[in-house]
Amino acid sequence: MKQLGQYAAPRHAIAHLSDPHLITGGGLHYGVVDNVANLRRAIERLGAVRPSPQALVFTGDLADQAAPDAYATLRSIVEPAAAAMGAIVVWTMGNHDERAPFARGLFDSDDDGFQDRVHHVDGLRIIALDTSVPGYHHGTLEPEQLAWLAEELATPAEHGTLLAMHHPPLPLPMLRAAELIELHDQQALADVITGTDVRGILAGHLHLSTWSTFAGVPVSVTSATCYTSDPAPVDRFVSGVDANQAFTMVHTYDDRLVHTLVPLERGTEVSHVGTDIEEALEGVSLEEAVELASSKTSPFNS
């Protein structure tokens, strides 16, 4: 494939999804939202992403009430699609998940301890951190988890590390209610990752998309696939809406990450360029391709 701009192709393509909140028996969330259908829409949209992702990273709240059949449904939808893409799946605990059914349902394991795991994708390390607190909705990382993380990070990965976690280590100016269920003692995590090869943090929990930095590391919070939080509600402290569901594509380059929000709803198409243009571009010089796309007098722009 011809390089059209200043940058070569990304080294990695990672799909970041969050908060499917699957309900036992395939029930509707709040009696309205079909979370299974929304997850299927997300997977269908992923099928159109090029290049295909090398990993599907789910940052928690996989099952709304940690029901075994909800985890089974999740696997039945996601794992065959990931296999067809040639991608691994990274499951991460959320506050609605419970460790024992999570481990049994997704890993066929009876280990009900911390669900922290390490995955490797073509030299990129992805560490899934369990920020859940049994019986509560806020998050934390216990001292033994942080010690384990520090030991893992002591050896750099070839292409660096992404942390996947449910509770984002961020201020929450547009969703103040979430401050009550935020990640506690964030400085302890900052102390561990400072100076390491951690180059990005992927999180969920908020049911909206937002970005910032933490300890000098970029943080990306992706939207939910179930329902989303309205960041500017009218006469409400919190407002969940059946709209704006999305996931994020994360592309890694040697010196940066690029995050692209992909809405589940395609919207009404008002203009288009067919895929046949790609084949045509292969047959012309880069200078001709730039002229074709950039000139205001080009037939391409008329």
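For what it's worth, UniProt numbering labels the leading residue of the sequence shown as 1, then goes sequentially.
C-beta atoms are modelled at their ideal positions from N, C-alpha and C, and glycine is treated no differently.
- Separation of A15 and V57 (C-alpha to C-alpha, rounded to the nearest whole angstrom) is 6 Å.
- By alpha-carbon distance to L162, the top candidate from Y227, F237, A55 and A72 is A55.
- The beta carbon of T268 is closer than 7 Å to none in its chain, skipping five residues each way along the sequence.
- Per the DSSP secondary-structure output, M165 pairs in a beta bridge with L129.
- In this structure the region 22 to 33 does not touch the region 134 to 143; the number of beta carbon pairs closer than 8 Å is below three.
- Annotated as proximal: L264 and T225, with beta-carbon spacing under 8 Å.
- Contact annotation: S239 and H207 have beta-carbon atoms that are not nearer than 8 Å.
- Using a Cβ distance threshold of 8 Å, A150 and V118 do not count as a contacting pair.
- By the criterion of at least three beta-carbon pairs nearer than 8 Å, the region 123 to 137 is in contact with the region 152 to 170.
- Looking from the CA of R75, the closest CA among G94, F102 and P53 belongs to F102.
- Counting C-beta pairs closer than 8 Å gives three or more between the region 166 to 182 and the region 199 to 216, which meets the contact rule.
- Annotated three-state conformation of S220 is strand, per DSSP.
- A243 is classed as exposed because its beta carbon has fewer than 16 other beta carbons within 10 Å across all chains shown.
- Three or more Cβ pairs closer than 8 Å define a contact, and the region 255 to 262 falls short of that threshold against the region 271 to 288.
- A straight line joining the alpha-carbon of G60 with that of L22 spans about 11 Å.
- Beyond the five residues adjoining it in sequence on each side, S52 comes within less than 6 Å, by CB distance, of M85 in the same chain, given in chain order.
- As the crow flies, the alpha-carbon of A42 is around 15 Å from that of A87.
- When the beta-carbon positions are compared, L39 and P68 stay at least 8 Å from each other.
- Contact between D116 and A128 is confirmed by a C-beta separation of about 7 Å, below the 8 Å threshold.
- Nearest neighbour of V78 by Cα position, chosen from I181, R45 and A100, turns out to be R45.
- Within the same chain, Cβ atoms closer than 6 Å to the Cβ of G94 are found at G60, D61 and H166, the five residues on either side in sequence being excluded.
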